[in-house]
Structure formats: C-alpha cells, structure tokens
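Just add 402 to the spot in the sequence shown (first one is 1) and you have my numbering. By construction, the Cβ of each residue, glycine as well, lies at the ideal position given by its N, Cα and C atoms.
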Amino acid sequence: APLWPNVIRELQNGVRLRKATERPQRRAPPKECISSPYELLLDDIQHKRYTLRKVIVEQKRRTPKADVTAPKPHLKPVLERKLKVCVPWEASWHEQLVAEIKRPHKLRSSAARKNGSRPKGTCYKV
C-alpha cells in the first residue's frame, strides 16, 4: 500500500482517538537488575532515606580589631628585609625588531642622497 496517500487520507478524515479504557493495559514486569553502589546512593538521596548528624564546630570568638592589632610573627620589619638586586633587563630580538618597526623613519638629507651614501646597516648587492 502506498504510504503517502494513506497519510494524506488520514489527515483529511481526521484520526479517531481511543478512550483510555480501550487502550490495552500492559504492565511491564519490574526490572531485575543489580544496581551499582552509586545508583543505590543516588536512589537514597532522591527518596531522602538518610539522617544528618549534627556537627559542632568550636571556634574562638575574635573581634576584627584584635585581629588587626595582633602582632604577626611571620612578617619581618621593613628594615630587616633584604631585596634582590635588580638585574638590568635586556630586550629579546623579537622585542627589538618590534621597537625598530614602531620607531619613526629617519629622513636623509638631499646632500647625502647625491653623494650616494646610504644609512648605516644597509647594503645592496650590485
């Protein structure tokens, strides 16, 4: 039987819905499977089959002012601190290249052009 004409016919005529009592009642047997410990724990949490124990936390009462004024033994006074010697920083070749590109170009005088002199560092093969 051609499928498409049947679908069109059902859409035109409408589909008759069955009542709930007419529907066949199929009860699936309960699944007999072994649950993992994680699934058992998840099931216990979902069904709230647990009791929480009361936890007592003992803390000393502190005032914020006492914390600020209390001496800190792990900190040295400023005069006793020794700072590392500052090593001069040398730019890498990449940073030097970027700095050279960003630097504005130096203009040559017209007298230097006539003499044929080139700026230092430029050489052309003839």
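What span of residues does the alpha helix (DSSP H) with residue i cover, start to end?
| i | result |
| --- | --- |
| L481 | Careful: L481 lies outside any alpha helix (DSSP H) and carries neither H nor E. |
| W495 | 495–504 |
| R411 | 405–415 |
| E492 | Note, E492: premise wrong, no alpha helix (DSSP H); not H, not E. |
| W439 | For the sequence presented, residue 439 should be read as Pro rather than Trp. From DSSP, the alpha helix (DSSP H) with P439 extends over 439–448. |
Go through its chain and collect everything with a Cβ distance to residue i's Cβ below 7 Å, but skip five positions before and after it.
| i | result |
| --- | --- |
| V489 | none |
| Q414 | none |
Ignore the nearest five residues each way along the sequence and tell me which others in residue i's own chain have a CB closer than 8 Å to its CB.
| i | result |
| --- | --- |
| P475 | none |
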